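Chains as they are written, first to last, in the working numbering: chain Z, 35 to 425; chain D, 1044 to 1353. We treat Cβ as the ideally placed atom computed from N, Cα and C, and that holds for glycine. All figures in this text were calculated on a predicted structure; none of them were measured in a lab. The structure under discussion appears below in the form of structure tokens.
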């Protein structure tokens, strides 16, 4: 009896809202709804709150300037608490009852995987400012991101080694964890696509101290270079012990090498190492303006994900505008296509373009260590399998 | 596994890795030989020794460039570290093990594991969790034999490890077998109560055993730290391996510890190099060997029957 009552109550509450929402989108709407999902409470609330504030700031600016041809953007924020369960109920509400036309978020990779599937099913475009796992955009054509994919580093690495350094055959010594193995696999795919060969693959565990066995095996194969996408403690041991074994083969590495602790541990053994790491962001005036405005509004400075979220919000607004001007309404499929068509968008974090799969076309920095000082060789990206120097 | 030189290089790698295990296994086996008690905190005393040595060495050498003074400073640091750890070992014995001497056999074992955690957490808290580099007090340029792809190399440090462990084994053996104190140790080992009746101060003997064992750990810790760096958990895995080495060689037997250490080092190296077992799994080899040896020869390779252990 009680259950039946509750059911009736729910229906009474739900029906009008559906009717209202449906009615709103059909008539000449005065607002257009965009959703946000992120951890707003709980241990990781700082990530969600910073991003949410950035999106809010962007939409407030756009609305103050007249919105989308007079139509205001309404931001609806849902709290995922950083969990998949909450994330799923959030997207359920946003998509079915709020009838949003685009989503900024989710903030976390795990939640993004789950929410991305739902968005794909609903044909709803989603732009995450912070989920870096390389497979996020593989969910489908509705999923985009304004943050660089983890897969990019490996791709730039392999292409750079083959096309810029001219290596034909390299050895790899990676640690058995997601990070190290992911970089190795990404590097291998692009290196072999460029005609190179990974001739020896050796592994280790994080925490290992003795690498002489692997290095002796690698030495016997005499590769052009050795790729070590590991953490500082392991890389320091590897570099020192390679020298103890009298090895002269050059070492190449990943962003783990950008941690300055490596120079305390390995000192001069770092000399000559080439590694792929983060780019050096140029502090554009747009970026400085954004940081100042954000700071003035919220009393804190945005992190890099919040900066990405701000750009994502503007990309959504731009897509809404072009959709509305072309069709006179906000259809999800049309909005998605408009997001996909984003070209050379001047964001505060830099120029934004999306690749075919929805990944941010980003670049990676390349460094060469002179003595114990890394020298910046420039920013690189890969287009159609070809290495391209940016700026 | 290609050339002869590669084989020889693997052999050298394995031998020196084994030397490291042997160096630590000596301390384990000595304490066990006297007390029939496995001091699981041994690896952590080794860590403390490495830290103490690092601080004294860095203080003594200051900004001076590498010279003979560095070696002298290193020796002074090692001596201080050995004395400190010897005292620490005696203190730990008095506080954590002696009150449990009449308790069940498991109680001091658990107490030792507790001490191990206390020491490593304390170090992480006081000194942080990052690795620190202990500089070589000598020129560690590898000695290369042969040339080109046939070259085989060994560093002065690797030679030092091998020489140090052999030397220590010898001194320890002579001390236990020939000296008066060694005789008292052996007597205490055979029967504590009877030894007491014969006028041996067995409490002193036990204290001394811990002092020597811990001093050995400090010395080993510093020698290992040159290659493996100094950090709070540096004694854990290497201590466990050394324990395996001691058991393989016959725990309580000083020559056995040396043999077990070298054997384990070679097995790990050649397990990977010859059998093609991925390096990531080499620890499984060490512990697999332990199980096999215990199945077929529960007393270890050089283990004699129960009563004569020392």
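| field | Per-residue DSSP class, three states only, for residue 1211/D | value | helix
| task | Using a cut-off of 9 Å between C-beta atoms, extract the partners of residue 1284/D located in chain B. | result | Structure shown: chain B not included; protein chains present are Z and D.
| message | Output needed for residue 1094/D: all residues of its chain with C-beta closer than 7 Å, excluding positions within five of it in sequence on either side, in chain order. | response | Once the five neighbours on either side are set aside, the close Cβ partners of residue 1094/D are 1166, 1170 and 1273.
| query | So is residue 81/Z buried or exposed if we call it buried at 16+ other beta carbons inside 10 Å? | reply | With 16 or more other Cβ atoms within 10 Å, it is buried.
| field | Whole-Å CB distance - residue 1158/D paired with residue 1139/D, under 8 Å assumed | value | 5 Å
| task | Mind the definition here: the region 1333-1344 of chain D touches the region 1245-1264 of chain D only if three or more C-beta pairs lie below 8 Å; say whether that holds. | result | no
| said: Buried or exposed for residue 194/Z, going by 16 or more other Cβ atoms inside 10 Å? | reply: buried
| Across which residues does DSSP place residue 179/Z in a beta bridge pair? | 162/Z
| task | Check whether the Cβ of residue 1253/D lies closer than 8 Å to any Cβ atom in chain Z. | result | no
| query | Using a beta-carbon distance cut-off of less than 9 Å, what residues from the region 184-203 of chain Z approach chain D? | reply | none
| said: Tell me which residue opens and which closes the beta strand (DSSP E) that residue 136/Z is part of. | reply: Looking at the DSSP string, the run of the beta strand (DSSP E) that includes residue 136/Z is 136-138.
| request: Consult DSSP for residue 319/Z and reduce its assignment to one of helix, strand or coil. | output: Residue state, collapsed to three classes: helix.
| message | If you measure between the beta carbons of residue 1133/D and residue 1278/D, is that distance less than 8 Å? | response | no
| field | Inter-residue spacing [alpha-carbon to alpha-carbon] between residue 57/Z and residue 389/Z | value | Because the pLDDT at residue 57/Z is just 41, under 50, the model does not fix this residue reliably, and the value given afterwards should be weighed accordingly. For the pair residue 57/Z and residue 389/Z, the Cα-to-Cα distance works out to about 36 Å.
| request: Would you kindly work out how many angstroms separate the C-alpha atoms of residue 1267/D and residue 331/Z, rounded to a whole number? | output: 55 Å
| query | Going by other Cβ atoms of all chains shown within 10 Å of its Cβ, with 16 needed for buried, is residue 1210/D buried or exposed? | reply | Of the residues assessed, residue 1210/D falls on the exposed side of the cut-off, its CB having fewer than 16 other CB atoms within 10 angstroms.
| Since residue 1271/D meets chain Z, which of its residues come closer than 8 Å, beta carbon to beta carbon? | Contacts between residue 1271/D and chain Z, judged by CB atoms closer than 8 Å, involve 243, 244 and 271 in chain order.
| request: Could you check which residue in 223/Z, 377/Z and 366/Z has the C-alpha nearest to that of residue 135/Z? | output: 366/Z
| request: Name the residue from 1076/D, 1064/D and 1063/D whose alpha carbon lies nearest to the alpha carbon of residue 1346/D. | output: 1076/D
| task | Starting from the C-beta of residue 1328/D, find all residues in its chain whose C-beta is less than 7 Å away, skip the five residues before and the five after it, and write them out in chain order. | result | Excluding positions up to five away in sequence, the list reads 1310, 1311, 1314 and 1320.
| field | Among 1183/D, 1216/D, 1324/D and 1212/D, nearest to residue 1200/D - alpha-carbon criterion | value | 1183/D
| task | Helix, strand or coil for residue 97/Z, going by three-state DSSP, please let me know. | result | helix
| request: Could you list which residues in chain Z have their beta carbon closer than 8 Å to that of residue 1196/D, in chain order? | output: 278, 279 and 280
| query | For the alpha helix (DSSP H) that contains residue 285/Z, what are its first and last residues? | reply | Taken as a continuous stretch (DSSP letters only), residue 285/Z belongs to no alpha helix (DSSP H), being part of the beta strand (DSSP E) at 285-287.
| Do you know offhand how far residue 1150/D's Cα is from residue 211/Z's? | Between the C-alpha atoms of residue 1150/D and residue 211/Z there is a straight-line separation of about 37 Å.
| message | Is it the case that the region 257-275 of chain Z contacts the region 293-300 of chain Z, given that we only count it when at least three CB pairs across the two stretches are under 8 Å? | response | yes
| query | Taking Cβ to Cβ, would you say residue 340/Z is nearer than 8 Å to residue 176/Z? | reply | no
| task | Taking 8 Å as the threshold, find out whether the region 103-123 of chain Z comes into contact with the region 65-75 of chain Z through three or more Cβ pairs. | result | yes
| query | Which residue spans inside the region 1059-1084 of chain D form an unbroken beta strand (DSSP E) run of at least 3? | reply | If only uninterrupted beta strand (DSSP E) runs of at least 3 residues are considered, none is enclosed by the region 1059-1084 of chain D.
| Distance between residue 1059/D and residue 1050/D (C-alpha atoms, nearest Å) | 14 Å
| said: Please identify the residue among 173/Z, 172/Z, 198/Z and 168/Z whose C-alpha is closest to the C-alpha of residue 182/Z. | reply: 168/Z
| field | residue 1113/D burial status per 10 Å Cβ neighbour count (16 or more: buried) | value | Of the other Cβ atoms in all chains shown, 16 or more fall within 10 Å of the Cβ of residue 1113/D; this residue is therefore buried.
| field | Nonlocal neighbours in the same chain, by C-beta distance under 8 Å from residue 345/Z, ignoring five residues either side | value | 163, 180, 379, 381, 382, 383 and 386
| task | Within the same chain, show all residues whose beta-carbon is closer than 6 Å to that of residue 449/Z, passing over the 5 residues directly before and after it, in chain order. | result | Chain Z is shown from 35 up to 425; residue 449/Z falls before or after that span and cannot be answered.
| query | Between which two residues does the beta strand (DSSP E) harbouring residue 70/Z extend? | reply | 65-72
| task | Output the distance between the C-alpha atoms of residue 55/Z and residue 104/Z, rounded to the nearest integer angstrom. | result | Low local confidence applies: a pLDDT of 46 at residue 55/Z is under 50, so the model's placement there is unreliable, and no value is given.
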